[in-house]
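A quick write-up on the structure given underneath.
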Amino acid sequence: MPEIRPVTPVLGAEVANVDLAKPLSNAAFDAIHDAFNRHSVLVFHDQALTPEQHIEFSRRFGPLMVHVFAEDLLEGYPEIYRLSNVVVDGVRQGRPDAGQYWHSDLTYEERPSLGSVMHALEVPAVGGDTMFCSTAHAFEQLSPVMQKILEGLTAIHEFGHAFGRSNTTSIGVAQETLDRRPPVEHPVVRVHPATGRKCLFVNPGFTVKIKGMSDAESDLLLGFLYRHMTRPEWVLRHKWCKGDVVMWDNRALLHSGVGDYDASSPRHMHRTTIEDVPSG
Ligand SMILES: O=C(O)CCC(=O)C(=O)O
Numbered sequence: 036m037p038e039i040r041p042v043t044p045v046l047g048a049e050v051a052n053v054d055l056a057k058p059l060s061n062a063a064f065d066a067i068h069d070a071f072n073r074h075s076v077l078v079f080h081d082q083a084l085t086p087e088q089h090i091e092f093s094r095r096f097g098p099l100m101v102h103v104f105a106e107d108l109l110e111g112y113p114e115i116y117r118l119s120n121v122v123v124d125g126v127r128q129g130r131p132d133a134g135q136y137w138h139s140d141l142t143y144e145e146r147p148s149l150g151s152v153m154h155a156l157e158v159p160a161v162g163g164d165t166m167f168c169s170t171a172h173a174f175e176q177l178s179p180v181m182q183k184i185l186e187g188l189t190a191i192h193e194f195g196h197a198f199g200r201s202n203t204t205s206i207g208v209a210q211e212t213l214d215r216r217p218p219v220e221h222p223v224v225r226v227h228p229a230t231g232r233k234c235l236f237v238n239p240g241f242t243v244k245i246k247g248m249s250d251a252e253s254d255l256l257l258g259f260l261y262r263h264m265t266r267p268e269w270v271l272r273h274k275w276c277k278g279d280v281v282m283w284d285n286r287a288l289l290h291s292g293v294g295d296y297d298a299s300s301p302r303h304m305h306r307t308t309i310e311d312v313p314s315g
């Protein structure tokens, strides 16, 4: 059976004694599922997964989503989005610099993601970590007055936000890709369906503004929330080893890649994204 070892008091756990390449018993899956809901980030070391095995494990949590960056999907496996700085014969092998800003995956979709499962195929000797912070813990650490204000608010999210205003990637994004994802609205506080915990649901990557506020008011409130959520003592920083599989709960956290590694150091990751299907 899987052994679960928490890595920080706020979020994250390592899972030992599991080979994700093999079919999991229902009991082992239930233990992992429960740990995922409780810890929000799970780290499995020394995993060697084929794309089929990666997809099969991910699918046990729900249907998989296909990322809007069609050119960065793994050929023959549209469920796998490649994050990579590797170039072979002039052809890039995935999205370089992806996600190097705090975000939760796909909040620009009408139905955002439940979670993501990333498999490290090549990692730099130094750098290229991923940071995580708990949006549930952050909400719980606010005063009741602020909690009440936030619970009445709605935010506007848009895919192009990360790629326009904050100019975070080294390669452009086609206008046609941006046009495929118009703005959507989500409550600023959402209840996690498995834990019942209230989670902040805004992020610098894709949240454009708080609906009904002036730009100045919205920027002030969002700026406060972003600083609050990402306080260093609440952040888990994962240093990748080749073969790591890390899965994270997009309903309960934000994450950010750290773009500090040498461009000539290969970093090549495969990621699946699980859809959040409402129950009932
Ligand atoms: O590559 C990383 O460390 C972060 C990737 C990321 O943000 C994502 O997959 O959404």
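Those letters in the sequence shown? Residues 36 to 315, by our numbering. Glycine residues also receive a C-beta, built at the ideal position from the N, C-alpha and C atoms. It should be emphasised that the depicted structure is a prediction, and the values quoted were computed from it without experimental measurement.
query, result
"C-beta contact flag for Leu77 and Val50 at 8 Å", "yes"
"In chain order, each alpha helix (DSSP H) run of at least 4 residues that lies wholly inside the segment 232 to 315", "250 to 264"
"Of the listed residues Gln182, Phe104, Leu55, nearest to Pro113 (C-alpha basis)", "Phe104"
"Beta-carbon proximity of Thr170 to Ala287, cut-off 8 Å", "yes"
"Heavy atom of ligand 1 within 7 Å of Thr142 beta-carbon", "no"
"Inter-stretch contact at 8 Å, needing at least 3 Cβ pairs: the segment 300 to 308 / the segment 118 to 126", "yes"
"Element boundaries [beta strand (DSSP E), containing His68]", "Premise fails: His68 lies in the alpha helix (DSSP H), 61 to 74, not in any beta strand (DSSP E)."
"Cβ neighbour criterion (16 or more within 10 Å) applied to Phe167", "buried"
"As assigned by DSSP and simplified to three states, the class of Ala105", "helix"
"Near ligand 3: Gly111 beta-carbon under 7 Å from a heavy atom", "For the structure depicted, ligand 3 is absent and the ligand set comprises only ligand 1."
"Residue burial classification, Asn52 (beta-carbon count within 10 angstroms, cutoff 16)", "exposed"
"Those residues which DSSP pairs with Ile191 across a bridge", "Glu220, Lys244"
"Same chain, Cβ closer than 6 Å to Asp254, five either side skipped, listed in chain order", "none"
"Pro44 to Lys277 span [Cα, whole Å]", "25 Å"
"Those residues which DSSP pairs with Arg127 across a bridge", "Val122"
"Cβ shell of Asp140 (< 7 Å), same chain only, five flanking positions each side left out", "Ser148, Ser151, Asn285, Thr308"
"DSSP three-state assignment for Met181, whether helix, strand or coil", "helix"
"Sub-8 Å separation of Arg95 and Phe71 beta-carbons", "no"
"Leu108 vs Pro86 beta-carbon contact at 8 Å", "no"
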